[in-house]
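Heads up: the sequence shown runs through residues 3 to 88, numbered per the numbering used here. By construction, the Cβ of each residue, glycine as well, lies at the ideal position given by its N, Cα and C atoms.
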Amino acid sequence: MATECTAYRDSKGGLHSTPEKATLADLAGVLGRVGEEGGMTAGVAKLLLDKREEIERVFQEHDAMLASPPVDPGEVLAKPNGRAVA
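The structure is reproduced here in structure tokens:
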């Protein structure tokens, strides 16, 4: 008798039983081989997924730094004590 099942497809077309497993497969594919014979790839992919919020925050901060105009060293900056430095 046929039964219905839910599966999640990764970007290469592989089927997985959970969304997490499909995402991990995609992350592992993006990473390529990490370590000898690629043995670390699955672990690194899992770590990236587990630390996603922190990693996204770091990239957001990085993007914000790049978007800010660089400070001209000739500009006069005020220190917190109110004294100006050149």
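Check whether the segment 33-44 touches the segment 5-24, counting contact only when three or more Cβ pairs, one atom from each stretch, lie closer than 8 Å. No: fewer than three Cβ pairs fall under 8 Å.
Rounded to whole angstroms, what is the Cα-Cα separation between L50 and M3? Locating residue 50 in the sequence shown gives position 48, where the first residue counts as 1. Locating residue 3 in the sequence shown gives position 1, where the first residue counts as 1. So the two alpha carbons sit approximately 40 Å from each other.
Between T5 and H64, what straight-line distance do the alpha-carbon atoms span, to the nearest angstrom? Numbered from 1 along the sequence shown, position 3 holds the residue referred to as residue 5. Numbered from 1 along the sequence shown, position 62 holds the residue referred to as residue 64. Spanning the two alpha carbons is a distance of roughly 48 Å.
Would you decide whether L26 is buried or exposed? Buried here means 16 or more other CB atoms lie within 10 Å of its CB. The count along the sequence shown starts at 1 and reaches residue 26 at position 24. Buried: at least 16 other Cβ atoms inside 10 Å.
What span of residues does the alpha helix (DSSP H) with E156 cover, start to end? The requested residue 156 is not part of the displayed model; the chain covers only 3 to 88.
Who are the near neighbours of D28 in its chain, counting only those whose CB is closer than 7 Å to its CB and skipping five residues on each side? Mapped onto the sequence shown, residue 28 falls at position 26. Excluding residues within five positions, the ones whose Cβ falls inside 7 Å are D12 and S13.
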